[in-house]
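Reading through the structure tokens given below for one structure.
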Ligand code: PEP
Ligand code: MN
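Numbering (the UniProt record's numbering), first residue to last: 71 to 333.
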């Protein structure tokens, strides 16, 4: 179902008033985590003013260490929804367990499956049984083939609203948090009908590298970008080093629009 042969012209995925895979580069932005109502609302207002089309914010945070901030969970989803409603932005948030879906479905316009859960087959199948569009991140050590098989798990249950997200893979290089596999964009484009977007934030791990990676993603033909933006990155409870200020996001946004015009 995910293969290009099935739908040669490519699939589009609609989330609220936004369409992925329809030429225009879809800009998703927002903080790594929903921390409190004021923070997520400020972030939403900031990215909306810049021109973002969708708001991101993690409520169930899949942290590598059990001692790190674990997210604001159900309360976080409610805060995210309020911020989305106040700014008119559809919202995307990560689900980490199939038991969260019935609750999360009431608050999210799009579910994110994170890199750590790309092969959580139970979660993939259960998300596939909902009608909620899915942002499927590439696993940290997954091949494109394995990633497309993960999409197949969702689609084979009846949910074809899948958008793929390249977020960097683990290589021998330690200068960046992960290595952005820019090649994945044309490779996926050739093999799959699904829209593909790029997450420069989790690839870079450092704010200064986010803009160039974002521009590379758009130049490679990505259908969108998902960027972490925080009203005060230094104070962020997770991923502080890679989150952009609203001003830095504005710079990225306008340059990305120029690159998009050129490709
Ligand atoms: C995220 O987007 O908040 C996240 C945890 O990303 P990833 O799953 O790509 O690490
Ligand atoms: Mn993050």
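Ideal placement from N, C-alpha and C gives every residue a C-beta, glycine not left out. Note that the structure is predicted; figures quoted are calculated from it, not measured.
Taking C-beta atoms as the reference points, residue 293 and residue 265 count as a pair closer than 8 Å. With contacts defined as CB atoms closer than 8 Å, residue 114 and residue 157 qualify as a contacting pair. For residue 182, the secondary structure class from DSSP, reduced to helix, strand or coil, is strand. Under the three-state reduction of DSSP, residue 264 is assigned to coil, being neither helix nor strand.
Here residue 235 has 205, 207, 267 and 269 as same chain residues with Cβ atoms under 6 Å from its own Cβ, once five neighbours each way along the sequence are excluded. Residue 280 sits close to residue 297, with the two beta carbons spaced by under 8 Å. Straight-line spacing of the CA atoms in residue 226 and residue 198 works out to 7 Å.
Residue pairing by DSSP places residue 88 opposite 85 in a beta bridge.
In the DSSP assignment, the residues bridged to residue 239 are 249. Taken in chain order, the complete beta strand (DSSP E) segments of 3 or more residues contained in the region 109-149 are 124-126. By the neighbour-count definition (other C-beta atoms within 10 Å, threshold 16), residue 251 is a buried residue. In the three-state scheme derived from DSSP, where H, G and I count as helix and E and B as strand, residue 171 is classed as helix.
Around the ligand PEP, the residues selected by a Cβ distance under 5 Å to any of its heavy atoms are 128, 184, 185, 207, 237 and 272, following chain order.
For a cut-off of 8 Å, the C-beta gap from residue 284 to residue 332 is around 14 Å, too long to register as a contact. Chain-ordered, the residues whose CB falls short of 5 Å from any heavy atom of the ligand MN come out as 102 and 309.
For residue 116, the CB contacts under 8 Å within the same chain, skipping 5 residues up- and downstream, are 299, 301, 316 and 319 in chain order.
Cβ atoms of residue 240 and residue 274 stay farther apart than 8 Å, at about 14 Å.
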